[in-house]
Amino acid sequence: MRRVVGVLMLTAAVAACSVQDTMPGPAEGEAIFAANCVACHDYRGQGATLSGGQSAPDLTGIAARRDGEFPRAEILSKIDGYGHGKVSATVMPEFGSLLEGELVPVDIDGVPTPTPRPLAALLAYLESIQVADAG
């Protein structure tokens with residue numbers, strides 16, 4: 001019974017994903033990046049040294065550091081900034097507004113995953129700025 005309820009809830013969540021005329025693209029994500037990320041990662045996403053001496057990573061080489069694969073689920077998890085994993089909450093700020101808005105189905109490992117539109121747009125932008133060699 002729990003499995004049936006779980007499947008029904010997942011189906012309802014995916015059905016609730018309304019797609020505005022199209023899925024968010026890199027241009028929509030670039031505007032979000034400019035408003036939230038450039039202070040630490042610069043306008044090109046190539047990272048910078050922060051005032052406390054820490055370094056913000058080069059976001060253009062995410063795929064290159066992973067043998068050409070862009071890890072969508074991992075990146076979505078890091079963007080929110082809630083301090084889980086290797087990035088502490090004192091370094092990566094929380095971006096609660098990116099977790100709001102209409103849900104769109106983002107393909108994560110073959111599964112359409114309901115994702116807030118601003119977060120999906122930022123993911124599309126980050127994927128678009130990947131370079132073959134980040135070194």
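So the sequence shown is numbered by UniProt numbering: it starts at 1 and just counts up by one.
Built from N, CA and C at the ideal position, the CB exists for glycine as well.
All figures in this text were calculated on a predicted structure; none of them were measured in a lab.
- Item | Local Cβ density within 10 Å of residue 132, reported as buried at 16 or more and exposed below that | Along the sequence shown, one-based indexing puts residue 132 at 132. When all chains shown are included, residue 132 counts as exposed.
- Going by DSSP, name the residue or residues bridged to residue 131. The residue you call residue 131 lines up with position 131 of the sequence shown. Note: residue 131 sits in no beta bridge, so no partner.
- Query: Taking one C-beta from the region 64-78 and one from the region 34-54 each time, how about it: are there three or more such pairs within less than 8 Å?
  - Reply: no
- Task: For residue 125, count neighbouring C-beta atoms within 10 Å of its own C-beta (all shown protein chains included) and say buried if the count is 16 or more, exposed if not.
- Result: As a first step, residue 125 must be located in the sequence shown, where it is residue number 125. Per the 10 Å Cβ criterion, buried.
- Cα-Cα separation, residue 49 to residue 61: Taking the first residue of the sequence shown as position 1, residue 49 is located at position 49. Taking the first residue of the sequence shown as position 1, residue 61 is located at position 61. Going from the Cα of residue 49 to the Cα of residue 61 covers about 17 Å.
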